[in-house]
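Colleague: With my numbering as the guide, the letters of the sequence shown map in order to residues 84 to 257. The beta-carbon is built from N, C-alpha and C at its ideal position, and this holds for glycine as well. The structure displayed is predicted, hence computed values, not measured ones. Once you've had a glance at the structure underneath, I'll fire off some questions.
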Amino acid sequence: MDIYDAIRTRRSVRAYRPDPIPEEVLTRVLDAARVAPSAGNGQPTRLILVTDPGAKQKLAALCAHQSFIAEAPIVVVACGLRMNLRSGAAKPEYRVLIDGSIATDHLTLAARAEGLGTCWIGVVGSEDIKRYLGLPEDTDVVAVTPLGYPNGDAFTEPGRRIAIDEFIRWERWS
């Protein structure tokens, strides 16, 4: 699939089939996240793959009781290790968020290219998920996403978006 098609048709999927994801497909999607760029090449992102039905239910409850999360065969929790790097001006907690978001975006687009659905759940810094999954003190939750085949036709063209001339500014805001 062309990258622009993947970008244009990626949607937040909220209904999943229980079908397993073939190992070679899963490996490609996870590798797309692994090779994402990071500040100073620190590579702080780590992914926890949750497949146990009870654990998926608990994560869904910790994500504002969004039960559809547990329908997917895998729930991915993107985590970031706080690192002190000399490059860049961003604080370590911002780097975790930025680098983890880049890796998660790579994962969601690769998943779309493979016919898999995702739904980025904004649980940045969730202490409850951190405790539940036993993350170390210097590691934060960046995002959660179910990963699986959509139940139904999920990949459509985008709805209303602002015009490009409203979206872009040249040189300065005004």
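In this structure, does DSSP put Tyr129 in helix, strand or coil?
Modeller: On the sequence shown, position 46 is the one that residue 129 refers to. First, the residue type needs correcting, since residue 129 is Arg and not Tyr in the sequence shown. Look at Arg129 here: in three-state DSSP terms it is strand.
Colleague: Looking at the strands, I want to know which residues DSSP matches up with Ser184.
Modeller: What you label residue 184 is simply residue 101 of the sequence shown in a count that begins at 1. According to DSSP, which records beta bridges pairwise, Ser184 is partnered with nothing at all.
Colleague: For my contact list, Ile212 and Leu145 are in at a C-beta cut-off of 8 Å; report their separation, rounded to the angstrom.
Modeller: Within the sequence shown, the letter at position 129 stands for residue 212. Within the sequence shown, the letter at position 62 stands for residue 145. 5 Å between Cβ atoms; contact.
Colleague: Spell out the partners DSSP gives Ser209 in its beta bridges.
Modeller: As a first step, residue 209 must be located in the sequence shown, where it is residue number 126. In the DSSP output, where bridge partners are listed per residue, Ser209 has none listed.
Colleague: Tell whether a beta-carbon distance below 8 Å holds between Ile90 and Gly231.
Modeller: As a position in the sequence shown, residue 90 is number 7, starting the count at 1. As a position in the sequence shown, residue 231 is number 148, starting the count at 1. No, the Cβ-Cβ distance between Ile90 and Gly231 is not below 8 Å.
Colleague: Residues in its own chain within less than 6 Å of Ala193 by CB, not counting five upstream and five downstream?
Modeller: Your numbering for residue 193 matches position 110 in the sequence shown. Excluding sequence neighbours, Ala193 sits near Val112 and Ala115.
Colleague: Determine whether the beta carbon atoms of Arg195 and Phe238 lie at a separation below 8 Å.
Modeller: The count along the sequence shown starts at 1 and reaches residue 195 at position 112. The count along the sequence shown starts at 1 and reaches residue 238 at position 155. Yes, these two residues count as a Cβ contact at 8 Å.
Colleague: Alpha carbon to alpha carbon, how far is Val108 from Arg97?
Modeller: On the sequence shown, residue 108 is found 25 positions in, with the first residue counted as 1. On the sequence shown, residue 97 is found 14 positions in, with the first residue counted as 1. Their Cα atoms are separated by approximately 21 Å.
Colleague: Pick helix, strand or coil for Ser95, following the three-state DSSP scheme.
Modeller: Working through the sequence shown from its first residue, we reach residue 95 at position 12. Of the three classes helix, strand and coil, the one that applies to Ser95 here is strand, per DSSP.
Colleague: Identify the continuous beta strand (DSSP E) that holds Pro229 and give its terminal residues.
Modeller: Here residue 229 refers to the residue found at position 146 of the sequence shown. Thr222 to Gly231 is the span of the beta strand (DSSP E), which, as asked, contains Pro229.
Colleague: Where does Ser209 land, buried or exposed, given buried means 16+ other C-beta within 10 angstroms?
Modeller: As a first step, residue 209 is located in the sequence shown; it is residue number 126 there, counting from the start. Buried, because 16 or more other Cβ atoms sit within 10 Å of the Cβ of Ser209.
Colleague: Is the beta carbon of Ala161 less than 8 Å from the beta carbon of Thr191?
Modeller: Here the question's residue 161 lines up with position 78 in the sequence shown. Here the question's residue 191 lines up with position 108 in the sequence shown. Not closer than 8 Å, so no.
Colleague: Short check: CB of Ala143 to CB of Ile157, under 8 Å?
Modeller: The residue given as residue 143 occupies position 60 in the sequence shown. The residue given as residue 157 occupies position 74 in the sequence shown. The Cβ atoms of Ala143 and Ile157 lie no closer than 8 Å to each other.
Colleague: Considering only residues of the same chain and omitting the five flanking positions on each side of Met84, which have a CB-CB separation below 6 Å?
Modeller: As a first step, residue 84 is located in the sequence shown; it is residue number 1 there, counting from the start. Ala196.
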